Amino acid sequence: MKKRAITLFINGDEYNITVDADETLTQVIRNQLNLTDLKHCCGRGECGACTVQVEDDRYPTGKKIINSCLSLAAMMDGKRIYTVGGLEKGGTLHPVQEAFVEQGAVQCGFCSGGMIMKTVDILENNAKAGEAEIREGLEGNICRCTGYTKIVEAAKQAGKVMAAGK
Amino acid sequence: MSNSRILPEFELLAPKTMSEAVDMAARYGDRATVLAGGTDVIIMLEKNAVKPEYVIALGEIPDLDYITYSKADGLTIGALATAYQLVQDKKVKKKYPALWQAAASLGSPQIRNAATIVGNILRASPSGDCCCAMLALGGSVVLESTSGRREVSIDDFFIDYGKIERREDEIAVELKLPPVEDASTSAFLRMTRMTFDLSKVSAAVSLQMSGKKCKAVRMAMGAVAPTAIRIKKAETMLEGVTITEKLLSDVAATVSRQVKPIDDVRSTADYRREVSGVLAKRVIKAACNV
Ligand SMILES: Cc1cc2nc3c(=O)[nH]c(=O)nc-3n(C[C@@H](O)[C@@H](O)[C@H](O)COP(=O)(O)OP(=O)(O)OC[C@H]3O[C@@H](n4cnc5c(N)ncnc54)[C@H](O)[C@@H]3O)c2cc1C
Ligand code: FES
Ligand code: FES
């Protein structure tokens, strides 16, 4: 097939679309669905800017993080996918977003979507993750601006909020 | 969306069973590329390093992500089992630490969630961490075609850079690693510029010990030759003798002489040669605590 009709559920919304066989998930979400909160950067799995969560019932949280630049959209039929654009609920930011703002963990912002999704994933797995676990978890997400310290501080702050919320 | 093309055009084939997949491989041969987790294939497509007319994506074949262990058959790893799954497996961690360590340090969390172990072996990169670990542990790759299955020993699998013992009409179904005995240990170590990077040099060893005496050994290194390689001279030196500090220094010197590394973006040949001896010594120590 050169094209495939698929259904994607992005941040809970259903999209019935036809995609080209050779389009990556990043391309489809950005160009066809216009959900440009998702960023495309290196396109080679190295920077993490394109990080999304995808449902996968083999994981403890029912979700896993992947680089959307390395997956073919046509192979994601029926999948539930979560991007940074879906974190805000009714005008209220997610604790991780809140913490990134408060700690100044965002400068140019290009890495932030992927960085925040990665942090959400780390903390959903373990809200009490310590500095070492956070830093190890953040491997695969590159930030050219902040120097990471503020990102780690933000993750720790958000972890406290998320642990208290449970 | 031709205005934003990233990957070249191809036709996608999404078989629902292994028998459909091998039919496709038989029909299209070298006009097709097999895709599992895609962490190598998507990049090869993006760089135009491969230009297939067809991509055979295995992702929709059910029940291919198994990892099983039995005392009789050893470890079996299905074609869609990922590095993440292997790292979660306590049996693998305990019985095949070399492979576990290779999978645990492979790429980033996102990469480990997508990358398959079989794909790492089939890509056969000289710096493929699971290639190095599996060469030390021994085992075989099970390949399937329309004419049936065959098992190729890992010792015969890597032929040259980018060349493996797989016919273009074959799909890899699983990897098999032999059962491990109680006195067996193994370890994998690698050197990188940063933790999240491909190996400059990697080393793996599996040992069967009787006290401080080495009864049997397999040793492999990565990124020091066109493929991951066994270091047979080192194995000969170790086999049947007591492991001492002096012996390990001699092994290190031999390893440095035997390897044939290259200069590339990650390191120089001289550095790799020097460091490979050190790494060989360290990995033996890591495996057997001497
Ligand atoms: C950012 C990044 C970091 C990385 N870091 C490391 C690292 O530290 N160490 C390391 O070893 N590797 C690393 N890799 C490479 C590693 O992710 C891959 O080698 C991976 O294991 C391949 O598995 P895959 O499922 O993604 O395979 P794919 O990309 O789908 O395929 C890989 C190759 O195997 C073939 N293939 C796959 N499955 C089959 C099958 N069943 N039958 C026949 N052919 C098959 C494909 O045609 C292709 O040639 C990294 C990659 C990226 C992008
Ligand atoms: S754009 Fe996907 S990892 Fe960089
Ligand atoms: S804020 Fe600019 S890359 Fe991270």
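Residue numbers (this note's numbering), protein chains in the order written: chain A, 363 to 528; chain B, 1319 to 1608. Even glycine gets a Cβ: it sits at the ideal position worked out from N, Cα and C. Since this is a predicted model, take the numbers as computed values, not measurements.
Residue i: CB within 7 Å of a non-hydrogen atom of ligand 1
i               : result
residue 1416(B) : no
residue 1441(B) : yes
residue 1609(B) : The displayed coordinates of chain B run from 1319 to 1608. Any statement about residue 1609(B) would go beyond what the structure contains.
residue 414(A)  : no
residue 1358(B) : yes
residue 1379(B) : no
residue 375(A)  : no
residue 1446(B) : yes
residue 1354(B) : yes
residue 1281(B) : Residue 1281(B) cannot be examined here, being either before or after the span of chain B that is shown, 1319 to 1608.
Residue interval of the beta strand (DSSP E) (run including residue i)
i               : result
residue 1538(B) : 1531 to 1540
residue 436(A)  : Looking at the DSSP string, residue 436(A) is not in any beta strand (DSSP E), and its letter there is neither H nor E.
residue 469(A)  : No beta strand (DSSP E) contains residue 469(A), which DSSP labels as neither H nor E.
residue 1399(B) : That residue, residue 1399(B), is in no beta strand (DSSP E); it is neither H nor E in DSSP.
residue 1353(B) : 1350 to 1353
residue 369(A)  : 365 to 372
residue 1375(B) : 1372 to 1375
residue 1385(B) : 1385 to 1388
residue 1329(B) : 1329 to 1331
Distance between residue j and residue i (C-alpha atoms, nearest Å)
i               : j               : result
residue 1382(B) : residue 419(A)  : 15 Å
residue 1404(B) : residue 466(A)  : 37 Å
residue 1488(B) : residue 1439(B) : 14 Å
residue 1594(B) : residue 1542(B) : 8 Å
residue 1396(B) : residue 1459(B) : 10 Å
residue 1601(B) : residue 502(A)  : 26 Å
residue 1530(B) : residue 403(A)  : 52 Å
residue 1517(B) : residue 487(A)  : 28 Å
residue 379(A)  : residue 1494(B) : 41 Å
residue 1447(B) : residue 406(A)  : 19 Å
residue 1320(B) : residue 370(A)  : With a pLDDT of 42 at residue 1320(B), under the threshold of 50, the predicted position of this residue should be treated as unreliable, though the coordinate-derived value follows. The straight-line gap from Cα to Cα measures roughly 21 Å.
residue 1343(B) : residue 1322(B) : 30 Å
residue 448(A)  : residue 1332(B) : 30 Å
residue 498(A)  : residue 518(A)  : 13 Å
residue 469(A)  : residue 1336(B) : 48 Å
residue 364(A)  : residue 1391(B) : 42 Å
residue 1307(B) : residue 1591(B) : Since the displayed chain B opens at 1319 and closes at 1608, residue 1307(B) lies outside it and no answer follows.
residue 472(A)  : residue 1499(B) : 51 Å
residue 1326(B) : residue 1356(B) : 15 Å
residue 1416(B) : residue 1483(B) : 23 Å
Ligand 2 heavy atom lying under 7 Å from the CB of residue i
i               : result
residue 411(A)  : yes
residue 1323(B) : no
residue 429(A)  : yes
residue 408(A)  : yes
residue 473(A)  : no
residue 402(A)  : yes
residue 405(A)  : yes
Interface partners of residue i on chain A, CB under 7 Å
i               : result
residue 1431(B) : 426, 427 and 428
residue 1315(B) : Since the first residue shown for chain B is 1319 and the last is 1608, residue 1315(B) is missing from the structure and cannot be characterised.
residue 1322(B) : 389 and 393
residue 1396(B) : Chain A residues near residue 1396(B): none, gap ~13 Å exceeds 7 Å.
Within chain B, the residues that residue i reaches when beta carbons sit closer than 9 Å
i              : result
residue 411(A) : Ordered by position in chain B, no residue passes the 9 Å Cβ test against residue 411(A), which lies about 11 Å from the chain.
residue 406(A) : 1360, 1361, 1364 and 1365
residue 475(A) : Result: empty, since nearest Cβ-Cβ is about 14 Å, beyond 9 Å.
residue 524(A) : Result: empty, since nearest Cβ-Cβ is about 18 Å, beyond 9 Å.
Neighbour list for residue i in chain B, Cβ cutoff strictly below 7 Å
i              : result
residue 432(A) : 1356, 1357, 1360 and 1432
residue 364(A) : 1329
residue 499(A) : 1427
Any non-hydrogen atom of ligand 3 within 7 Å of residue i CB
i               : result
residue 508(A)  : yes
residue 1403(B) : no
residue 1428(B) : no
residue 469(A)  : yes
residue 505(A)  : yes
Element boundaries [alpha helix (DSSP H), containing residue i]
i               : result
residue 1589(B) : 1587 to 1606
residue 1434(B) : Careful: residue 1434(B) lies outside any alpha helix (DSSP H) and carries neither H nor E.
residue 495(A)  : 493 to 499
residue 521(A)  : 511 to 527
residue 1344(B) : 1336 to 1346
residue 1554(B) : 1550 to 1556
residue 481(A)  : 474 to 487
Any non-hydrogen atom of ligand 5 within 7 Å of residue i CB
i               : result
residue 1466(B) : Although ligand 5 was asked about, the structure shown includes only ligand 1, ligand 2 and ligand 3 as ligands.
Partners in chain A for residue i, counting only beta-carbon separations shorter than 9 Å
i               : result
residue 1399(B) : The premise fails here: residue 1399(B) is roughly 11 Å from chain A at the closest Cβ pair, so nothing lies under 9 Å.
residue 1326(B) : 384
Chain A contact residues for residue i, given Cβ-Cβ distances below 8 Å
i               : result
residue 1425(B) : 407 and 502
Pick out the complete alpha helix (DSSP H) segments inside the region 1452 to 1534 of chain B, 4 residues or longer, and give them in chain order.
1472 to 1475
In chain order, what are the residue ranges of uninterrupted beta strand (DSSP E) at least 3 long that sit wholly in the region 380 to 426 of chain A?
413 to 417
My parser needs the alpha helix (DSSP H) runs of 4 or more residues fully inside the region 1405 to 1431 of chain B; what are they?
1408 to 1413 and 1415 to 1422
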